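Q: My questions will all concern the structure given below.
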Amino acid sequence: MAIGILAAMHDEVADLIDAMTRQSGNQVHRIGMRDYHVGEMDGQPCVVVLARIGKVAAAATAVTLIREFGVSEIVFTGLAGGIGSHVAVGDIVIGDRLVQHDLDARPLFPHHEVPLLGISEFTADLTLGAELKSAAEAFLREDLQSQVPPHSRKSFGIGEPLLHVGMIASGDQFVADVEKAKDILSALPDALAVEMEGAAVAQICFEYAIPCAVFRTISDRADASAHVDFGSFLSDVASHYSSGVLRRFFAARKVYRPQ
Ligand code: SAH
41 MAIGILAAMH DEVADLIDAM TRQSGNQVHR IGMRDYHVGE MDGQPCVVVL
91 ARIGKVAAAA TAVTLIREFG VSEIVFTGLA GGIGSHVAVG DIVIGDRLVQ
141 HDLDARPLFP HHEVPLLGIS EFTADLTLGA ELKSAAEAFL REDLQSQVPP
191 HSRKSFGIGE PLLHVGMIAS GDQFVADVEK AKDILSALPD ALAVEMEGAA
241 VAQICFEYAI PCAVFRTISD RADASAHVDF GSFLSDVASH YSSGVLRRFF
291 AARKVYRPQ
């Protein structure tokens with residue numbers, strides 16, 4: 041069965057779509073203003089789609105992947121702001137738990153709990169997470185130097201980036217304010233990164249019993265400079281991270297999970 045790959049922005053999946061087109065050709069299905077690219081990577085069926093930004097967009101796209109395309113697992117790739125004290129620009133965060141930091145139906149339900157579902161933290165799939173971790177480690181160790189030009193690494197202060205596994209907090213807000221980041225951290229002290237889609241996809245995957253994983257390249261520190269150079273970080277750095285990690289991910293699956 042196919043794996044679904046989602047991202048919020050074009051540059052995060054453009055290279056993967058090109059690679060898939062070269063390898064297998066791909067069919068494009070337009071549903072609900074989104075293009076679903078159906079093809080194969082290293083012999084493995086996959087559906088790649090640009091979900092666009094925010095929890096609603098991501099959740100709707102995840103449902104379509106599951107219901108229309110029958111994907112059996114989902115991976116979300118994208119950018120995030122680092123809010124953990126040791127999480128720096130250029131690091132990678134793999135979510136093992138995903139929480140909607142802006143979900144607050146108190147006093148009816150506890151902070152962050154999804155009403156009527158009774159869950160606050162969605163757990164990412166362990167196997168997918170481990171596969172992404174190996175792929176990300178290999179990318180940082182072996183590909184980063186050659187794939188991201190030295191001037192781009194220098195201008196974003198990327199030296200020897202780290203890989204973190206931990207909590208990702210999602211909400212419909214671009215966090216570009218230290219006080220806001222502190223508020224999120226005081227409610228969710230374990231959160232390493234903040235973004236706008238992951239926990240929504242994780243909720244849908246929980247409801248459909250589909251394994252899911254989220255990996256994020258840290259583009260900013262969720263502070264007043266978060267929006268600065270966002271576009272050039274996306275095209276010069278993050279696009280290489282997404283496609284580099286996913287290339288490694290698919291290549292390892294070809295070896296370990298022959299179809
Ligand atoms: N400036 C961009 C908008 C990016 S929105 C534009 O003009 O198109 C931010 C995207 O990156 C979202 O998909 C979100 O998941 C992620 N992201 C990166 N840094 C973030 C931050 N500090 N807060 C929230 N989301 C962030």
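Per this note's numbering, residue 41 is the first one in the sequence shown, and the count goes up by one each step. C-beta: ideal position from N, C-alpha, C; glycine also. Just so it is clear, the structure is predicted and the values come from calculations on it, not from any experiment.
Classify T61 as buried or exposed, calling it buried when 16 or more other Cβ atoms lie within 10 Å of its own Cβ.
A: Numbered from its first residue, the sequence shown carries residue 61 at position 21. It is exposed - the Cβ of T61 has fewer than 16 other Cβ atoms within 10 Å.
Q: Taking the C-alpha atoms as reference points, what is the distance between A216 and H267?
A: In the sequence shown, counting from the first residue as 1, residue 216 sits at position 176. In the sequence shown, counting from the first residue as 1, residue 267 sits at position 227. Between A216 and H267, the C-alpha separation is close to 7 angstroms.
Q: Could you tell me which of F255, S210, G199 sits nearest to L168, measuring between CA atoms?
A: On the sequence shown, position 128 is the one that residue 168 refers to. Checking every option, the nearest Cα to that of L168 belongs to F255.
Q: Does any heavy atom of the ligand SAH sit closer than 7 angstroms to the C-beta of E237?
A: Taking the sequence shown and counting its residues from 1, the one referred to as residue 237 is at position 197. Yes.
Q: When you compare only the Cα positions, how much space is there between G199 and Q243?
A: Taking the first residue of the sequence shown as 1, we reach residue 199 at position 159. Taking the first residue of the sequence shown as 1, we reach residue 243 at position 203. Roughly 35 angstroms between the two C-alpha positions.
Q: Grouping DSSP H, G and I as helix and E and B as strand, with all else coil, what is L302?
A: Residue 302 cannot be examined here, being either before or after the span of the chain that is shown, 41 to 299.
Q: Go ahead and pull the three-state DSSP assignment for M81.
A: Mapped onto the sequence shown, residue 81 falls at position 41. Correct three-state label for M81: strand.
Q: Using only CA atoms, which one of A100, Y76, H69, S174 lies nearest to A239?
A: Position 199 of the sequence shown holds residue 239. A239 has its Cα closest to that of A100, out of A100, Y76, H69, S174.
Q: Specify the secondary structure class of Y281 as computed by DSSP and reduced to three states.
A: As a working note, residue 281 is residue 241 in the sequence shown. Note: Y281 maps to helix in three-state DSSP.
Q: My output table needs one value for Q140: the three-state DSSP class, helix, strand or coil.
A: Position 100 of the sequence shown, counted from the start, is the residue given in the question as residue 140. Of the three classes helix, strand and coil, the one that applies to Q140 here is strand, per DSSP.
Q: Going by DSSP, which residues form a beta bridge with C252?
A: Taking the first residue of the sequence shown as position 1, residue 252 is located at position 212. DSSP output for C252 lists I114 as bridge partner(s).
Q: Are there 16 or more other CB atoms within 10 angstroms of the CB of E237, so buried, or fewer, so exposed?
A: On the sequence shown, position 197 is the one that residue 237 refers to. Answer is buried; the Cβ neighbour count reaches 16.
Q: Mind checking whether the beta-carbon of A37 lies closer than 7 angstroms to any heavy atom of the ligand SAH?
A: The structure shown does not extend to residue 37, since the chain is modelled only from 41 through 299, so no value can be given for it.
Q: At a cut-off of 7 angstroms, is D269 close to the ligand SAH when judged by its beta-carbon and the heavy atoms of the ligand?
A: Numbered from 1 along the sequence shown, position 229 holds the residue referred to as residue 269. False, no ligand heavy atom lies under 7 angstroms from that Cβ.
Q: Per DSSP, which one or two residues make a beta bridge with H204?
A: Here residue 204 refers to the residue found at position 164 when the sequence shown is read from its first residue. Answer is V133, bridged to H204.
Q: With DSSP run on the structure shown, which of helix, strand or coil describes F179?
A: As a first step, residue 179 is located in the sequence shown; it is residue number 139 there, counting from the start. Helix.
Q: Starting from R193, follow the alpha helix (DSSP H) in both directions and report where the run begins and ends.
A: The sequence position of residue 193 within the sequence shown is 153, counting from 1. Taken as a continuous stretch (DSSP letters only), the alpha helix (DSSP H) holding R193 covers 190-195.
Q: So, are the CB atoms of I57 and V111 less than 8 angstroms apart?
A: Position 17 of the sequence shown, counted from the first residue, corresponds to residue 57. Position 71 of the sequence shown, counted from the first residue, corresponds to residue 111. For I57 and V111, no; Cβs fall outside 8 angstroms.
Q: Can you check whether the CB of A278 is closer than 8 angstroms to the CB of I123?
A: Position 83 of the sequence shown holds residue 123. Position 238 of the sequence shown holds residue 278. Not in contact: I123 and A278 (Cβ atoms no closer than 8 angstroms).
Q: So does D144 have its beta carbon nearer than 7 angstroms to some heavy atom of the ligand SAH?
A: Reading the sequence shown from its first residue, position 104 is the one you call residue 144. False, no ligand heavy atom lies under 7 angstroms from that Cβ.
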